[in-house]
Amino acid sequence: MRIKSLLVAAALMAVVMPAGAKRIADHVILIGLDGWGAYSVERADMPRVKAEMERGSWTLAKRSVFPSSSAPNWASMFMGAGPELHCYTEWGSQTPEFPSRLIGDNGIFPTVFQIARRQMPQAEIGCLYEWDGIKHLVDTLSLSYHALAPDYEHNPELLADMAAEYIKTKKPVLAAICFDNPDHSGHTDGHDTPGYYATLAQLDVYVGRVIDALKEAGIYENTAIILTSDHGGIDKGHGGRTMMEMETPFIIFGMGVKKAGEFKESMMQYDVASTIACLLGLEQPQVWVGRPMKQVLETE
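Residues -21 to -1, 1 to 279 (mature numbering (1 follows the signal peptide of the UniProt record, and there is no 0)) are what the sequence shown spells out, left to right.
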């Protein structure tokens, strides 16, 4: 029985991208804004984000998985598959609610950080975050560095400062910077309210600070940058089946990315991990169901 289980696990870890896939970007930085609904982008006062949109490609119709809440969607974004496979199914899941289809390295379903570590053993790989729940979804043992920005309500600039210092010091090959707002504002002020849009305007400054750090580090021209979200919301909640809860922005620009503007092809949350893998020339596990958005990448 154990031999059979090992053979099944090996099959599921088999790659679905050809060996020696072309690397498109030297670095990939994902900046996530928790609770950033696609409905808000047009109205939001986010000049830095909108300027970067013009440099690359984007959709406002990337769909969340169910439920449209935090842990299932961050997990899907990092794990290249939906809750049916990774099995993180609740807002604050720290472990799967039922057995994951595959347990990869370090006792967790394969994440994009895990496959990057396996295929680029010496790479600097990091994750910085404001919501402590993120650490349960990324496979911290595959990371070179991970850190929580504490008490961000009283020190909202801290994560941007930490991320800027990390980027300038370590020049990571792959890093995720995960802000907990606008989700917190959505729960307190409500989604699609003046308070929510004020938070987006503030976050625009922090996003700009992270991007400026890439320039100061001398790696901006060699970096693909992704701006995205786990879910949107309505009223003071999320987790439902409305488009305001389910549709999230996906903005990508920088090295290896076409200046194609809005793209119309379908995109799901788990396609983010596959797109990162494609950018870095990583071979994708068979157990993933995500598809890279090759139509906006310089793959030739």
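For every residue, glycine included, the Cβ atom is placed at its ideal position computed from N, Cα and C.
Contact set for residue i: own chain, Cβ-Cβ below 7 Å, skip 5 residues either direction
| i | result |
| --- | --- |
| Gly235 | Ile3, Ala4, Ala203, Leu258, Leu276, Glu277 |
| Val20 | Leu39, Pro228 |
| residue 338 | This structure does not reach residue 338, given that the chain is present from -21 up to 279, and the question cannot be answered. |
| Asp159 | Asp13, Glu109, Trp110, Tyr131 |
| Glu279 | none |
| Lys273 | Cys257 |
Own chain partners of residue i with C-beta closer than 6 Å, once the 5 adjacent residues on each side are dropped
| i | result |
| --- | --- |
| Ala17 | Leu39, Glu226, Thr227, Pro228 |
| Gly269 | Gly59, Tyr249, Asp250, Ala252, Ser253 |
| residue 340 | Residue 340 falls outside the range modelled here, since the chain spans only -21 to 279, and no answer is possible. |
| Ala(-12) | Per-residue confidence for Ala(-12) stands at a pLDDT of 47, beneath the threshold of 50, marking its modelled position as unreliable; the derived number appears in the next sentence. Once the five neighbours on either side are set aside, Ala(-12) has no close Cβ partner at all. |
| Asp24 | Ala180 |
| Tyr124 | Gly105 |
| Ala155 | Leu9, Cys106 |
| Cys157 | Gly11, Tyr108, Ile113 |
Bounding residues of the beta strand (DSSP E) (the contiguous stretch that carries residue i)
| i | result |
| --- | --- |
| His125 | 124 to 127 |
| Ser19 | No beta strand (DSSP E) contains Ser19, which DSSP labels as neither H nor E. |
| Ser48 | That residue, Ser48, is in no beta strand (DSSP E); it is neither H nor E in DSSP. |
| Glu226 | 226 to 233 |
| Ser36 | 36 to 42 |
| Ile156 | 153 to 158 |
| Cys257 | Segment 250 to 258 is the alpha helix (DSSP H) holding Cys257; no beta strand (DSSP E) there. |
| Val7 | 6 to 12 |
| Leu64 | First-last for Leu64: 62 to 65, but that is the alpha helix (DSSP H), not the beta strand (DSSP E). |
| Leu107 | 104 to 108 |
| Leu206 | 202 to 207 |
Proximity of residue i and residue j at Cβ, strictly below 7 Å
| i | j | result |
| --- | --- | --- |
| Trp267 | Gly14 | no |
| Leu182 | Leu9 | no |
| Trp53 | Ile230 | no |
| Val184 | Ala102 | no |
| Gly165 | Ser48 | no |
| Val189 | Val28 | no |
| Ser121 | Arg80 | no |
| Ile146 | Ala192 | yes |
| Asn201 | His6 | yes |
Start and end residues, alpha helix (DSSP H) containing residue i
| i | result |
| --- | --- |
| Lys147 | 137 to 149 |
| Ile190 | 173 to 196 |
| His163 | 162 to 167 |
| Ala95 | 91 to 98 |
| Ala30 | 26 to 32 |
Where residue i falls, given that 16 or more other Cβ within 10 Å makes a residue buried
| i | result |
| --- | --- |
| Gly86 | exposed |
| Phe77 | exposed |
| Ser245 | exposed |
| Gln263 | buried |
| Gly112 | buried |
| Glu31 | buried |
| Arg220 | exposed |
| Ala139 | buried |
| Gly35 | buried |
| Pro161 | buried |
| Thr74 | exposed |
| Thr178 | buried |
| Thr148 | exposed |
| Glu224 | buried |
| Arg22 | exposed |
| Pro100 | exposed |
| Gly61 | buried |
| Gly83 | buried |
| Pro135 | buried |
| His210 | buried |
| Pro271 | buried |
Beta-carbon proximity list for residue i, same chain, < 8 Å, skipping 5 on both sides
| i | result |
| --- | --- |
| Gln98 | Leu261, Glu262 |
| Met141 | Leu107, Ala126, Ala128 |
| Ile(-19) | With a pLDDT of only 41 at Ile(-19), under the threshold of 50, the placement of this residue in the model should not be trusted; the figure read from the coordinates follows. Hits under 8 Å: none found. |
| Tyr176 | Ser19, Arg22, Ala23, Asp24 |
| Phe242 | Ser36, Trp37, Thr38, Met272, Gln274, Val275 |
beta-carbon residue i near the ligand GTP non-hydrogen atom, thresh 6 Å
| i | result |
| --- | --- |
| Ala128 | No copy of the ligand GTP appears in this structure; indeed no ligand is present at all. |
#### Entry: Cβ contact check for the stretch 88 to 97 and the stretch 111 to 127: 3 or more pairs under 8 Å
Output reads yes: the stretch 111 to 127 touches the stretch 88 to 97.
### Query
Touching or not, the stretch 43 to 51 and the stretch 230 to 245, by the rule of three or more beta carbon pairs under 8 Å?
No contact exists between the stretch 43 to 51 and the stretch 230 to 245.
### Query
With a cut-off of 8 Å, do at least 3 Cβ pairs link the stretch 250 to 257 to the stretch 64 to 78?
No: fewer than three Cβ pairs fall under 8 Å.
### At least 3 beta-carbon pairs within less than 8 Å: the stretch 169 to 186 vs the stretch 203 to 218
Counting Cβ pairs under 8 Å, three or more are found: they touch.
#### Entry: Contact the stretch 123 to 133 vs the stretch 99 to 111: 3+ CB pairs below 8 Å
As far as the Cβ criterion goes, the stretch 123 to 133 touches the stretch 99 to 111, which means the pair count is three or higher.
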